[in-house]
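Going line by line, the protein sequences match chains X and G.
The numbers in my numbering rise by one with no breaks, and the one at position 41 of the first sequence is 41.
Every position in the second sequence, counted from 1, becomes a number in my numbering once 178 is added.
Beneath this line is the structure, given in structure tokens, with notes to follow.
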Amino acid sequence: MDYLRKMKGSSQSPPSVNLVEVLWSWIGSFLGIAAVSLIHFKILDQTGLIMIIGSFGASAVLIYGAVRSPLAQPRNLIGGHVLSAIIGVTAFQLFSQQPWLAASLAVSTSIALMHLTKTLHPPGGATALIAVIGGDGVHSLGYLYVLIPTALGATVMLLIALLVNNIPKNRRYPEFWL
Amino acid sequence: MAMTIPTKDLSRSSGLDISEQDIIKAMKAIQGYIDITPGDFREIYQAAYSLAVQRLFNSFTATDLMTRSVLLVDQEMELDQAAALLAKKHISGAPVVDHQEKIVGIVSEKDFLKEMGVGTEPSIMQIATHCLENKSRMVGKLHSRTVGDIMTRPPVIGAPEMTIGAISTLFINRKINRLPIVNKNGLTVGIVTRTDLAHSYSAFDGRM
């Protein structure tokens, strides 16, 4: 049956990268996460603001580990996070009485919107989810969550990606801006 | 679409059939993680290749293919003269024109064979047998008649801007071997033969 046959897969994994690539992925993500977490822990700690959210770890995989990926480009990184944050906050504010519904609407609607705007960025789904399940610290930010940490954090990570990913001869970033 | 037949032929003969192994080797040669499976890449490559072939087919027109020096035969010419002329020029057919050089038909080996009573697609042996049996009568039929009497009409003709894809389709559908290319004034500016088409295909393979 075609339906079951499709579950077997039809292709294979792409080849693994070489060690130089691994090293630069490590360096980029170390510096990118270091930048946002330094701001988070050293500057914003006393203010009640946050700079780092879990979805940045996922963004780091893409923008430092798969720099050619369409999903890792600036349009997707910034656009995906910002749009998803808006959806996430909105979903929580409308359905805070039903957290399961707010959570699922936040993620699914974010994916749909990212598709429609050509900004698909997988960590965006986490950004939307965190707006719902992130606890009081996140909820109290309201729509500020869209700007800080989401937009600002993503922008800092983007800056590090631009600086680091263009150092090696065989790497370049981005593939496109808009 | 008009291009399906040549596209299919080309795809079989050239680089379209890349294997996933080829793709993996190529991906390894490019540093960095490429997030596409070899299978997906292959699908894109094949689709893009077909499109490229079609684009080339559509960008190539009769003007690029045709032989410009065309032997035109007057419709008043007697058959024996015409046969001698075609034999001398080593060609198997030619456009037939009236006194204003406007094309009125096409005369080819097939028309001669039909006139000689051996059918339109005889083998050499059939012709030989036919000749031995009807020695004089057969050739006699050709005397005192003109090209205009036996030519195929109306002629299948093409315009200079006709694409190679459209020409191929016409060749197959109309079962013809040559296509006079006629300009807006009705004057023959060239001719595309099956040989011309074959040459253009090999040129494509070189370019791809």
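Just so you know, even glycine gets a beta-carbon here, dropped at the ideal spot from N, CA and C.
These figures come from a predicted structure and were not determined experimentally.
Would you list the one or two residues that DSSP bridges to residue i?
i	result
Asp-252/G	Val-275/G
Lys-280/G	Leu-365/G
Val-132/X	Val-132/X is not bridged to any residue.
Thr-245/G	Ile-369/G
Thr-239/G	Thr-341/G
Anyone know if the C-beta pair for residue i and residue j falls short of 8 Å?
i	j	result
Gly-125/X	Ser-84/X	yes
Val-285/G	Ile-328/G	yes
Leu-49/X	Ile-130/X	no
Val-67/X	Tyr-143/X	no
Asp-213/G	Ser-69/X	yes
Glu-256/G	Gly-271/G	no
Thr-109/X	Gly-80/X	no
Tyr-211/G	Val-20/X	no
Gln-248/G	Val-325/G	Correcting the residue type first, residue 248/G is Val in the shown sequence and not Gln. No, the Cβ-Cβ distance between Val-248/G and Val-325/G is not below 8 Å.
Pro-122/X	Leu-71/X	yes
Ile-281/G	Val-275/G	yes
Val-156/X	Ala-35/X	yes
Ile-342/G	Ser-378/G	yes
Gln-73/X	Phe-176/X	yes
Pro-273/G	Thr-366/G	yes
Arg-75/X	Leu-178/X	yes
Thr-127/X	Ile-53/X	yes
Three-state secondary structure (DSSP) at residue i?
i	result
Lys-169/X	coil
Ile-359/G	strand
Ser-286/G	strand
Leu-141/X	coil
Val-296/G	coil
Val-334/G	coil
Thr-324/G	strand
Thr-239/X	Outside the displayed range of chain X (1 to 178) lies residue 239/X, so it cannot be described from this structure.
Trp-100/X	helix
Pro-216/G	helix
Phe-349/G	helix
Phe-176/X	coil
Arg-75/X	helix
Ser-37/X	helix
Ser-29/X	helix
Arg-5/X	helix
Tyr-379/G	helix
Val-17/X	coil
Thr-47/X	coil
Ile-53/X	coil
Leu-159/X	helix
Sorted by chain position, which residues of the same chain lie with C-beta nearer than 8 Å to residue i's C-beta, five sequence neighbours on each side aside?
i	result
Val-82/X	Val-146, Thr-150, Ala-151 and Ala-154
Ile-345/G	Ala-240, Leu-243, Gly-336, Leu-357, Val-370 and Leu-375
Ile-202/G	Pro-216
Val-132/X	Gly-88, Ala-91, Phe-92, Pro-99, Ala-102, Ala-103 and Ala-106
Thr-245/G	Gly-368, Ile-369, Val-370, Thr-371 and Asp-374
Gly-297/G	Leu-291 and Gln-304
Glu-198/G	Pro-216, Gly-217 and Arg-220
Ile-183/G	Residue confidence is low: Ile-183/G scores 42 on pLDDT, short of 50, so the model does not pin down where it sits. No coordinate-derived value is stated.
Pro-333/G	Pro-273, Val-274, Ile-281, Val-282, Gly-283, Ile-284 and Pro-358
Gln-253/G	Val-274, Val-275, Asp-276, Val-282, Gly-283, Thr-324, Val-325, Gly-326 and Met-329
Lys-42/X	none
Please return the same chain residues whose Cβ sits closer than 6 Å to the Cβ of residue i, not counting the five positions on each side in sequence.
i	result
Ser-29/X	Ala-60 and Tyr-64
Gln-278/G	none
Gly-364/G	Lys-280
Met-51/X	Val-36, Ile-39, His-40, Leu-44, Pro-149 and Gly-153
Phe-323/G	In the sequence as displayed, the identity of residue 323/G is Arg instead of Phe. Leu-257.
Taking 7 Å as the limit between beta carbons, can you name the residues of its chain near residue i, skipping five residues before and five after?
i	result
Gly-25/X	Strictly speaking, residue 25/X in this sequence is Ser, with Gly absent from that position. Correct list, in chain order: Tyr-64 and Gly-65.
Lys-169/X	none
Thr-117/X	Gly-79 and Leu-83
Arg-331/G	Val-282 and Gly-283
Leu-31/X	Ile-160 and Val-164
Asn-361/G	Pro-338 and Val-367
Thr-307/G	none
Phe-238/G	Thr-341, Ile-342 and Ser-378
Val-138/X	Ile-130, Ala-131 and Tyr-145
Pro-300/G	Leu-291
Arg-352/G	Val-334
Subject >> contact_flag[the segment 95 to 104 of chain X, the segment 153 to 173 of chain X] where n(CB pairs < 8 Å) is 3 or more >> reply: no
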